[in-house]
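Participant:
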Amino acid sequence: LPIRASKRKEDAMLTRRELLKTTAMAAPALLHFGRSRSWASDFPSSPAFTPFRNELRLGDGVPGVVPDIWKGRTGPDSSWPSFDEEQETIYYDIEMRKELAHILPAPYPPTLIWGYNGQFPGPTIEAQLDRRIVVRFRNNLWGREYRMPARCHHNEQEPRVDAEDVTTSIHHHGGHTVAKHDGHPCLTFGPGKYRDYVYANTSTRGGTLWYHDHCEDDTARNVFRGLAGFYLLRSDEEDRTLRESGIVLPKGERVESGGKFYGYQFDVPLVIQDRLFNADASLNYPLLNHEGVLGDVYCVNGKAQPRLAVEPRRYRFRLLNGSNARVYEFALGGDLKFLQIGSDGGLLPQAVLRSSIRMAPAERVEVVVDFTNYSDQRIVLYNILEQTDGRGPADEAGGVRTPIMRFDVAALCSSPDDSRVPRDGQKLLPLNSEEDYRPADAVITRDILLHRQHGVWVVNGSCYDPARSNTCPPVKLGTTEIWRIKNSSGGWVHPLHIHLEEFKMLDRNGVPVGLHEQGLKDTFLIGENETVRVITKWRDQPKAVDGHNDGFYVFHCHNLEHEDMAMMGQMLSVLPDDTSPSIVHDFMPRIDGLTWPVKCQEPL
Amino acid sequence: MRHESVRRTIPALVLLAGALSAPAALALAGEPPAAAAVDDVRVPSSLDGYFPDVTLVTQDGRRVRFYSDLLRDKVVLINFIFTRCKDLCPRTTMNLRRVQELLGDAVGRSVYLVSISVDPVNDTPAVLKAYADRADAPIGWDFLTGDQEDIELIRRKLGVFDREEDDNPTLHTGMLVYGNEPRGKWNAVNAMASPDLIVRGVRRIMDQGSVR
Chain C
1 LPIRASKRKE
11 DAMLTRRELL
21 KTTAMAAPAL
31 LHFGRSRSWA
41 SDFPSSPAFT
51 PFRNELRLGD
61 GVPGVVPDIW
71 KGRTGPDSSW
81 PSFDEEQETI
91 YYDIEMRKEL
101 AHILPAPYPP
111 TLIWGYNGQF
121 PGPTIEAQLD
131 RRIVVRFRNN
141 LWGREYRMPA
151 RCHHNEQEPR
161 VDAEDVTTSI
171 HHHGGHTVAK
181 HDGHPCLTFG
191 PGKYRDYVYA
201 NTSTRGGTLW
211 YHDHCEDDTA
221 RNVFRGLAGF
231 YLLRSDEEDR
241 TLRESGIVLP
251 KGERVESGGK
261 FYGYQFDVPL
271 VIQDRLFNAD
281 ASLNYPLLNH
291 EGVLGDVYCV
301 NGKAQPRLAV
311 EPRRYRFRLL
321 NGSNARVYEF
331 ALGGDLKFLQ
341 IGSDGGLLPQ
351 AVLRSSIRMA
361 PAERVEVVVD
371 FTNYSDQRIV
381 LYNILEQTDG
391 RGPADEAGGV
401 RTPIMRFDVA
411 ALCSSPDDSR
421 VPRDGQKLLP
431 LNSEEDYRPA
441 DAVITRDILL
451 HRQHGVWVVN
461 GSCYDPARSN
471 TCPPVKLGTT
481 EIWRIKNSSG
491 GWVHPLHIHL
501 EEFKMLDRNG
511 VPVGLHEQGL
521 KDTFLIGENE
531 TVRVITKWRD
541 QPKAVDGHND
551 GFYVFHCHNL
561 EHEDMAMMGQ
571 MLSVLPDDTS
581 PSIVHDFMPR
591 IDGLTWPVKC
601 QEPL
Chain E
1001 MRHESVRRTI
1011 PALVLLAGAL
1021 SAPAALALAG
1031 EPPAAAAVDD
1041 VRVPSSLDGY
1051 FPDVTLVTQD
1061 GRRVRFYSDL
1071 LRDKVVLINF
1081 IFTRCKDLCP
1091 RTTMNLRRVQ
1101 ELLGDAVGRS
1111 VYLVSISVDP
1121 VNDTPAVLKA
1131 YADRADAPIG
1141 WDFLTGDQED
1151 IELIRRKLGV
1161 FDREEDDNPT
1171 LHTGMLVYGN
1181 EPRGKWNAVN
1191 AMASPDLIVR
1201 GVRRIMDQGS
1211 VR
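Sequence lines, in order, name chains C and E.
Numbering of the first sequence is given in our numbering, commencing with residue 1 and proceeding in unit increments.
Numbering of the second sequence is given in our numbering, commencing with residue 1001 and proceeding in unit increments.
(1) Pull the bridge partners of F1080 (chain E) from the DSSP assignment, please.
(2) How would you list, in chain order, the residues of chain C whose beta-carbon sits under 9 Å from the beta-carbon of R1162 (chain E)?
(3) Compare the beta carbon distance of Y328 (chain C) and I272 (chain C) with 9 Å and say whether it is the shorter of the two.
(4) Just list the alpha helix (DSSP H) runs in the region 180-233 of chain C, keeping only unbroken ones of 4 residues or longer that don't cross its boundaries, in chain order.
(5) According to DSSP, simplified to helix, strand and coil, what is N470 (chain C)?
(6) Looking at C-beta atoms only, is the number of pairs between the region 195-214 of chain C and the region 430-450 of chain C that lie closer than 8 Å three or more?
(7) What's the gap between the Cα of R254 (chain C) and the Cα of V368 (chain C)?
(8) Nearest-angstrom Cα distance between G295 (chain C) and E88 (chain C)?
(9) Can you name, in chain order, every residue of its own chain whose Cβ lies under 7 Å from the Cβ of L20 (chain C), other than the five neighbours on each side?
(10) Would you kindly work out how many angstroms separate the C-alpha atoms of V400 (chain C) and D389 (chain C), rounded to a whole number?
(11) With a threshold of 9 Å between beta-carbons, can W1186 (chain E) be considered close to chain C, or not?
(12) Using the C-alpha atoms, what's the distance from D376 (chain C) back to R147 (chain C)?
(13) For the region 268-286 of chain C, list every residue whose C-beta sits within 7 Å of some C-beta in chain E, in sequence order.
(14) Counting only C-beta atoms, is P1044 (chain E) closer than 9 Å to chain C at any point?
(15) Could you list which residues in chain E have their beta carbon closer than 7 Å to that of V293 (chain C), in chain order?
(16) Return the residues of the region 119-135 of chain C that lie within a Cβ-Cβ distance of less than 9 Å from chain E, sorted by chain order.
(17) In three-state terms, what does DSSP make of A304 (chain C)?
(18) Does any C-beta atom of chain E lie closer than 9 Å to the C-beta of L288 (chain C)?
(19) Which residues share a DSSP beta bridge with E329 (chain C)?
(20) Taking a Cβ distance cut-off of 9 Å, strictly less, list which residues of the region 367-399 of chain C are near chain E, in chain order.
(21) So A1193 (chain E) contacts chain C; which residues on that side make the cut at Cβ distance below 8 Å?
(22) Who are the Cβ neighbours of F1051 (chain E) in its own chain at under 7 Å, not counting the five residues just before and after it?
(23) Report yes if the C-beta distance between T480 (chain C) and S573 (chain C) is below 9 Å; otherwise report no.
(24) Quick check on DSSP: helix, strand or coil for C618 (chain C)?
(25) Looking at chain C, is there any beta carbon in it that lies within less than 9 Å of the beta carbon of N1122 (chain E)?
(26) Measure from the C-beta of D1196 (chain E) to each C-beta in chain C and report whether the shortest distance is under 9 Å.
(27) I'd like the list of long-range same chain contacts for A1135 (chain E), defined as Cβ closer than 7 Å, with 5 residues on each side in sequence excluded.
(28) Can you tell which of C:K71, C:P105, C:Y262 and C:H454 has the C-alpha that lies nearest to the C-alpha of K1086 (chain E)?
(29) What separation, rounded to the nearest whole angstrom, lies between the Cα atoms of N278 (chain C) and S46 (chain C)?
(30) Starting from T1170 (chain E), find everything on chain C with Cβ-Cβ shorter than 7 Å and list it in chain order.
(31) Ends of the alpha helix (DSSP H) at V1199 (chain E)?
(32) Does V62 (chain C) come out as helix, strand or coil in the three-state DSSP assignment?
(33) Helix, strand or coil: how does DSSP classify R537 (chain C) here?
(34) Spatial neighbours of L412 (chain C) within its chain, please: CB distance less than 8 Å, with the 5 preceding and 5 following residues excluded, ordered by chain position.
(35) Leaving out five residues before and five after V475 (chain C) in sequence, what residues of the same chain have Cβ atoms less than 8 Å from its Cβ?
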């Protein structure tokens, strides 16, 4: 029954009449706390509101780009890591704190969130390929009492209590990062402390990365409350290569306002996150839902079902599914299609025209949308994939048509559209090193079995144990490996994310993947009874000054509730010249602060 | 020191908030950051009123209320077992025994362990008493039986269920739910996770809110 209720709610957003009805129900929604719920995963409803009342604006809006605090061969002071080499390092300082953010439209009060620089989502980090940056993440997420502004509906006589001191670890999702800077779930730090993360940006191409919390046990809740942001890795050289082959992707001018940089006019990152709210607009995270938490409010860049003013021209959108457990299939109104140009790890070898795009949690997709012929029109971005609980979506799309955001197309362009994009199936950007992904070069095929056992998830028969490596023998940097990931947990889907390296997908159940999955990826949606094969060559850092990529990394289900339930494995990587017998690895702590002995788990 | 300051700050703030006509967008309650020890201050939570207060019976035949006696104002670890279970339950019980040892003196004082039978018809208090003795369970670790319906309700409220084939009791024995009730903080983990990992998680929810 609750399942049906939630479906009705999604459908309710379809028509104006239904919508008005839902809005009229806002007051009774205040009472929903009193209702007894028999299933922990019952879908409580958020208060109703009218979609598209929120406006996403470039130039004053969230997320904006985080400004650097220092550029140099050494850090701002001796407390920072320094790299004495010719190329300057860029330094950033991000404070994690609790702040109020306007997520639901007026008259709802703002929402207390946990955010990087107090933002939901966090500020975008702009980085250049092969250009090192250092980010000092300072944890100021203290448990305190917060007084709400006088205009809030919330009873101002009663301070809101958010008593949690939040422990954090920051994962550089999609980055090719040294283990101690990758955001291992055990390398955590609490309020009053900071940790410096060094990102050498040694990926093989630019891409839409992100950073988010990865604290052991608490990732789902921490991300739900706001700890996630974009990390855009750009490459001028890549842009030049494209231009030589006649391709100019939409970008536009830098948007600056009040001395701050907000991103580019026509290259816009959009993170989609479903969230649940209480009647007083506070976030409602159901702690006793262990299936995967779904929300009924769709936030784009931290605004509930917003609208975005665009010009009648081509745009590049970088989509990120930043939801805990919801899988989407996006479609555009007005018969518009997406030209997909990128996936998790940067641009695709060939562009592909798609009428809808399915995205699992943590997946990224880059698209070009051409509004040229849609002057003065309003184009809605829909989710057409029904999902009523954390197990996974419906098999077929089309069961719902939920508006996520709206593009309001202006009558005219402010400047000519000088972008040139490939047509469907035409060449875009070949993988830099195609020879790194030849199955014949693989030195090992590892089996990763995702399974449900006694009501809990396991990877290769057991849950995550920081004192165990699931890669036995260890991953040897410089070698090529195939990972065969199988999901035999009937009724569940699992987006598997592997840290450290980008992969090329080979096949799904033996069938070669389509054009849209032929780029580099770090997160793979593994359907029910599906086996996915992926291949990569594990690379080390090219410069010794950045350290090496040996050490402990994790791989896990990116349904964040599953991840927190220890549906995670750990891999140990070693240097190419490492000849120590595996018994030595069993007792070799490899990352700062990790001192426990690590046992190797024999493969299944 | 800070613990005490919070207890004073809350009523003081109520007055203060009433007195100010236009408070800042986000005013902090006090500097330095105020926080309270786990057993000092209850935090309003969306889980208030959520847990059923049904009656269960311990291995000693004591009648207890699930919410009032087992959860309220406590840090508690809860799992589901049945004594006829020969596969997983003996292993999870031994794993919890190791967790209990690591938690040490805190068990029975600030942390409690609760193992609830999903086979209450067979698992009478006497049967559970024998099971508890075999596990050498100390004071602070109770084994409970009760009405099947009440136990089903508890299980579902804790999120320990499968949407399909939910009548298979072995599907409920793999999960350990732990929480800090006054703080409204709950987590779940594989009951076979390493005792170190479980204890680290439990300590984290015990610590949360207290500044160290």
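Heads up, the beta-carbon is just placed ideally off N, CA and C, and yes, glycines get one too.
Facilitator: Answer, in terms of the structure:
(1) Locating residue 1080 (chain E) in the second sequence gives position 80, where the first residue counts as 1. Under DSSP, F1080 (chain E) forms a beta bridge with E:I1116.
(2) Counting from one through the second sequence, the residue named residue 1162 (chain E) turns up at place 162. Residue identity check: residue 1162 (chain E) is Asp in the sequence provided, not Arg. Residues of chain C passing the Cβ test: R452, G455 and G491.
(3) Locating residue 328 (chain C) in the first sequence gives position 328, where the first residue counts as 1. Locating residue 272 (chain C) in the first sequence gives position 272, where the first residue counts as 1. Note that the C-beta distance between Y328 (chain C) and I272 (chain C) is below 9 Å.
(4) Counting only unbroken stretches of 4 or more residues, the alpha helix (DSSP H) elements lying wholly within the region 180-233 of chain C are 219-224, in sequence order.
(5) As a working mapping, residue 470 (chain C) is identified with position 470 in the first sequence. Coil at N470 (chain C), not helix or strand.
(6) Yes, since at least three Cβ pairs between the region 195-214 of chain C and the region 430-450 of chain C fall closer than 8 Å, the two stretches touch.
(7) Walking along the first sequence from the start, residue 254 (chain C) turns up at place 254. Walking along the first sequence from the start, residue 368 (chain C) turns up at place 368. Looking at the two C-alpha atoms, the distance is approximately 18 Å.
(8) Mapped onto the first sequence, residue 295 (chain C) falls at position 295. Mapped onto the first sequence, residue 88 (chain C) falls at position 88. Rounded to the nearest angstrom, the two C-alpha atoms are 43 Å apart.
(9) Counting from 1 along the first sequence, the entry for residue 20 (chain C) is found at position 20. With a pLDDT of only 34 at L20 (chain C), under the threshold of 50, the placement of this residue in the model should not be trusted; the figure read from the coordinates follows. For L20 (chain C), where only same-chain residues beyond five positions count, there are no Cβ hits under 7 Å.
(10) The count along the first sequence starts at 1 and reaches residue 400 (chain C) at position 400. The count along the first sequence starts at 1 and reaches residue 389 (chain C) at position 389. Roughly 15 Å separates the two Cα atoms.
(11) Residue numbering aside, residue 1186 (chain E) sits at position 186 when the second sequence is read from its first letter. Nearest CB-CB separation between W1186 (chain E) and chain C: below the 9 Å threshold.
(12) The residue labelled residue 147 (chain C) in the question sits at position 147 within the first sequence. The residue labelled residue 376 (chain C) in the question sits at position 376 within the first sequence. In this model, R147 (chain C) and D376 (chain C) are separated by some 43 Å (Cα to Cα).
(13) Close to chain E, meaning a Cβ-Cβ distance shorter than 7 Å, are the following residues of the region 268-286 of chain C: N278 and N284.
(14) For this step, residue 1044 (chain E) is matched to residue 44 along the second sequence. Interface residue, yes.
(15) One-based indexing of the first sequence puts residue 293 (chain C) at position 293. Here the premise fails: no neighbours, minimum Cβ distance about 11 Å.
(16) Of all residues in the region 119-135 of chain C, none has a Cβ within less than 9 Å of some Cβ in chain E.
(17) For the purposes of this step, residue 304 (chain C) is taken as the residue at position 304 of the first sequence. Reduced to three states, the DSSP call for A304 (chain C) is strand.
(18) Walking along the first sequence from the start, residue 288 (chain C) turns up at place 288. By this cut-off, L288 (chain C) is an interface position.
(19) Reading the first sequence from its first residue, position 329 is the one you call residue 329 (chain C). E329 (chain C) is bridged to C:R358.
(20) Flagged, chain order: D389 and R391.
(21) Mapped onto the second sequence, residue 1193 (chain E) falls at position 193. Neighbours of A1193 (chain E) on chain C, chain order: C463, Y464, D465 and A566.
(22) In the second sequence, the residue the question calls residue 1051 (chain E) occupies position 51. Excluding positions up to five away in sequence, the list reads F1066, Y1067, L1071 and K1157.
(23) Your numbering for residue 480 (chain C) matches position 480 in the first sequence. Your numbering for residue 573 (chain C) matches position 573 in the first sequence. No, Cβ-Cβ distance for T480 (chain C) and S573 (chain C) is not below 9 Å.
(24) The requested residue 618 (chain C) is not part of the displayed model; chain C covers only 1 to 604.
(25) Within the second sequence, the letter at position 122 stands for residue 1122 (chain E). Output row for N1122 (chain E): interface = no.
(26) The residue given as residue 1196 (chain E) occupies position 196 in the second sequence. Yes - at least one Cβ of chain C is within 9 Å of the one on D1196 (chain E).
(27) Counted from its first residue, the second sequence places residue 1135 (chain E) at position 135. Correct list, in chain order: T1093 and R1097.
(28) For the purposes of this step, residue 1086 (chain E) is taken as residue 86 along the second sequence, with counting starting at 1. Minimum Cα distance to K1086 (chain E) is reached at C:H454.
(29) Taking the first residue of the first sequence as 1, we reach residue 278 (chain C) at position 278. Taking the first residue of the first sequence as 1, we reach residue 46 (chain C) at position 46. Taking the straight line joining both Cα atoms gives about 6 Å.
(30) Your numbering for residue 1170 (chain E) matches position 170 in the second sequence. Against chain C, a Cβ distance below 7 Å from T1170 (chain E) picks out H454.
(31) On the second sequence, position 199 is the one that residue 1199 (chain E) refers to. Its alpha helix (DSSP H) spans residues P1195 to D1207.
(32) In the first sequence, residue 62 (chain C) corresponds to position 62, counting from 1. Secondary structure of V62 (chain C) (DSSP, three-state): coil.
(33) In the first sequence, the residue the question calls residue 537 (chain C) occupies position 537. As written in the sequence, residue 537 (chain C) is Lys, which differs from the Arg given in the question. In the structure shown, K537 (chain C) adopts extended strand secondary structure according to DSSP, grouped into three states.
(34) Taking the first residue of the first sequence as position 1, residue 412 (chain C) is located at position 412. Contacts found: E311, P312 and S375.
(35) Here residue 475 (chain C) corresponds to residue number 475 of the first sequence, with the count starting at 1. Once the five neighbours on either side are set aside, the close Cβ partners of V475 (chain C) are E481, W538, M571, L572, S573 and V574.
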